[in-house]
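**Q** Attaching a single structure in structure tokens format; questions to follow.
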Amino acid sequence: MPSSSKSAGVRSKPIRKTSPRTSAVILSGFAASRRSCPNRSFAALGVGALLLGLATLRAGTGLAREASAETSRTTAQVRFFFAGNGRLQLRHGHFEETLDVRYRQPNGAYDEEALQRIAHFFRSRGDGRSEAVSLRLVELLAYIQERYRARPMILLSGYRSPEFNSALGAQGQAVAFASLHTQALAADIALPQLDLQKLWLRLREERVGGVGFYRRQRFLHIDVGPPRFWEEATSRVGENLSAGNARIFARTDFDRYDTLSGARIRLHSVTALPLRVHAIVRAEGEDQAVLGRLRPLSVPALADGDCWLIREPAAAYEFEIQADDHRPQGWQRRRLALEITFCPPLVERTPGMVRTNLVELR
Numbered sequence: 001m002p003s004s005s006k007s008a009g010v011r012s013k014p015i016r017k018t019s020p021r022t023s024a025v026i027l028s029g030f031a032a033s034r035r036s037c038p039n040r041s042f043a044a045l046g047v048g049a050l051l052l053g054l055a056t057l058r059a060g061t062g063l064a065r066e067a068s069a070e071t072s073r074t075t076a077q078v079r080f081f082f083a084g085n086g087r088l089q090l091r092h093g094h095f096e097e098t099l100d101v102r103y104r105q106p107n108g109a110y111d112e113e114a115l116q117r118i119a120h121f122f123r124s125r126g127d128g129r130s131e132a133v134s135l136r137l138v139e140l141l142a143y144i145q146e147r148y149r150a151r152p153m154i155l156l157s158g159y160r161s162p163e164f165n166s167a168l169g170a171q172g173q174a175v176a177f178a179s180l181h182t183q184a185l186a187a188d189i190a191l192p193q194l195d196l197q198k199l200w201l202r203l204r205e206e207r208v209g210g211v212g213f214y215r216r217q218r219f220l221h222i223d224v225g226p227p228r229f230w231e232e233a234t235s236r237v238g239e240n241l242s243a244g245n246a247r248i249f250a251r252t253d254f255d256r257y258d259t260l261s262g263a264r265i266r267l268h269s270v271t272a273l274p275l276r277v278h279a280i281v282r283a284e285g286e287d288q289a290v291l292g293r294l295r296p297l298s299v300p301a302l303a304d305g306d307c308w309l310i311r312e313p314a315a316a317y318e319f320e321i322q323a324d325d326h327r328p329q330g331w332q333r334r335r336l337a338l339e340i341t342f343c344p345p346l347v348e349r350t351p352g353m354v355r356t357n358l359v360e361l362r
């Protein structure tokens, strides 16, 4: 939210004080000059020290500006809020395999060959099937690895085919019916060098997504669904909480955009049909500004007034935003979510509206 304004009126210009950093630089220059010329007068040394110190300060300021500019360029090239340095290192918990890939290039482009290697590494353990792993998940794992020095990071479970997931459930294992593993949106990871409970609490504070802490089995479940946090005793995986679209949610393909035109939104955890998606996408907030229209991409949908009617199941429920460059008031001061509404009649437990992740326009 924008910061509140200070008291109005004319305010006197404050007298600038020499910062501790400036003083330290000047004193450092003085000491260096004194050591190099011990016979010079104190006054001369003072002038020399002042000039040397100011020159050093200017150089340091220049370097700081360059570093700041480089950071800005780097941020502009990273499309997700939770992102690593473009490199991911994993060990597999079931196969004698390791993965060390640079999946993102310095210019921000993603390396398709590296992403294919990640998809193979994340393959369904029971039948070897693979799916493209969510970029958001790849970046989140890399973020955790870089920020918390999470090495080694051991993958216990990545993508699961629906058949393998059902087989695990039939064996009595605690797996959710509509597990995000079946959508390549989740990973179970072991981090033997870290205190998992402390890391779980830190990730909970950051609200990175879904994070489950399994103390007895010593692993974390990480997913890119809505922020929610649980322990093994409170996971409720056997209750089929996603039935009837109760946990349907939406994710954009990136977090940062230059324009929303062409941005993609995917609906996840669709467990009941038919589904009627309103064609208008809006910004969250009181005015609910119209941002554009949704065009179905990978889903067979029929136009039904201002809604898209989806009757048949699809591998992905993806839409593209068709929009102009209109930006809601205040967009540049904060991040906003996009609102997707569903048209009546709503089947089973389908909500009337879902919000995407937060989005930033640059």
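Residues 1 to 362 (my numbering) make up the sequence shown, in order.
Quick reminder that beta carbons are idealized off the backbone N, C-alpha and C, glycines included.
#1: Here's the rule: buried if 16 or more other CB atoms are within 10 angstroms of the residue's CB, otherwise exposed. What is Q217?
#2: Return the Cβ separation of R204 and F229 in integer angstroms, given the expectation that the two are a contact with Cβ distance under 8 Å.
#3: If you follow the alpha helix (DSSP H) that Q89 is in, where does it begin and where does it stop?
#4: Given this structure, state the Cα-to-Cα distance separating L137 from P227, to the nearest angstrom.
#5: When the distance is taken between beta carbons, is H181 closer than 9 Å to A174?
#6: Could you check the C-alpha separation between G126 and P106 for me, to the nearest Å?
#7: Does A315 pass the burial test, meaning 16 or more other C-beta atoms within 10 Å, or should it be called exposed?
#8: Assuming L220 and L199 form a contact by the criterion Cβ under 8 Å, report the distance between their Cβ atoms to the nearest whole angstrom.
#9: Quick one: residues in its chain with C-beta nearer than 8 Å to the C-beta of A109, no 5 flanking neighbours on either side, listed in chain order?
#10: Per DSSP, W308 forms a beta bridge with which residues?
#11: Based on the DSSP secondary-structure assignment, which residues constitute the bridge partners of P152?
#12: Is F30 helix, strand or coil when you go by DSSP?
#13: V224 and G209: beta carbons closer than 9 Å?
#14: How big is the Cα-Cα spacing for G285 and A337?
#15: Which of helix, strand or coil does DSSP assign to G244?
#16: Looking at G244 and E348, is the spacing between their C-beta atoms short of 9 Å?
#17: My understanding is that E312 touches L297, with C-beta atoms under 8 Å, so please give their C-beta distance in whole angstroms.
#18: Run through the region 190 to 237 for me and flag every whole alpha helix (DSSP H) of 4 or more residues, listed as ranges in chain order.
#19: Grab the span of the beta strand (DSSP E) containing E96 for me, first residue to last.
#20: Would you mind reading off the limits of the beta strand (DSSP E) that contains L180?
#21: Under a three-way DSSP split, which group does L338 fall into?
#22: Using the three-state DSSP reduction, which class does P296 fall into: helix, strand or coil?
#23: Suppose you measure from the CA of M353 to the CA of L275; what does that come to, to the nearest Å?
#24: Within the same chain, show all residues whose beta-carbon is closer than 7 Å to that of A272, passing over the 5 residues directly before and after it, in chain order.
#25: Measuring straight from C-alpha to C-alpha, what distance separates E231 and Y214?
#26: With distances taken Cα to Cα, identify the nearest neighbour of R151 among R87, H268, Q322, F254.
#27: If you draw a straight line from the alpha carbon of R236 to that of F177, how long is it in whole angstroms?
#28: For P345, which residues in the same chain have their Cβ closer than 7 Å to its Cβ, ignoring the five residues on either side in sequence?
#29: Measure the C-alpha to C-alpha separation of R117 and L135 and round it to an integer number of angstroms.
#30: Whole angstroms is fine: what's the gap from T234's alpha carbon to A170's?
#31: Measure the alpha-carbon distance for I280 versus V290 and round it to whole angstroms.
#32: Ordered along the chain, which non-local residues of its own chain (more than five positions away) have a Cβ less than 8 Å from that of D325?
#33: Using only CA atoms, which one of L194, L141, I222, R266 lies nearest to R295?
**A** Short version:
#1: exposed
#2: 5 Å
#3: If you look at Q89, you'll find it isn't in any alpha helix (DSSP H); it sits in the beta strand (DSSP E) that goes 87 to 92.
#4: 13 Å
#5: Not closer than 9 Å, so no.
#6: Cα to Cα, G126 sits roughly 36 Å from P106.
#7: exposed
#8: 7 Å
#9: none
#10: Residue pairing by DSSP puts W308 in a beta bridge opposite V277, A303.
#11: P152 is not bridged to any residue.
#12: Caution is warranted here: a pLDDT of 35 is assigned to F30, below 50, making its placement in the model unreliable, and the coordinate value is therefore given only provisionally. DSSP places F30 in helix when its eight states are reduced to three.
#13: yes
#14: 9 Å
#15: In the structure shown, G244 sits in a helix (DSSP, three-state: H, G or I).
#16: yes
#17: No, E312 and L297 are not in contact; Cβ-Cβ is about 15 Å, not under 8 Å.
#18: 196 to 206
#19: That residue, E96, is in no beta strand (DSSP E); it is neither H nor E in DSSP.
#20: From DSSP, L180 is part of no beta strand (DSSP E); its letter is neither H nor E.
#21: L338 carries a strand assignment under DSSP once its states are collapsed to helix, strand and coil.
#22: strand
#23: 12 Å
#24: G244, N245, V347, E348, T350
#25: 6 Å
#26: R87
#27: 11 Å
#28: none
#29: 13 Å
#30: 21 Å
#31: 7 Å
#32: T259, S261
#33: Relative to R295, the option among L194, L141, I222, R266 whose CA is nearest is R266.
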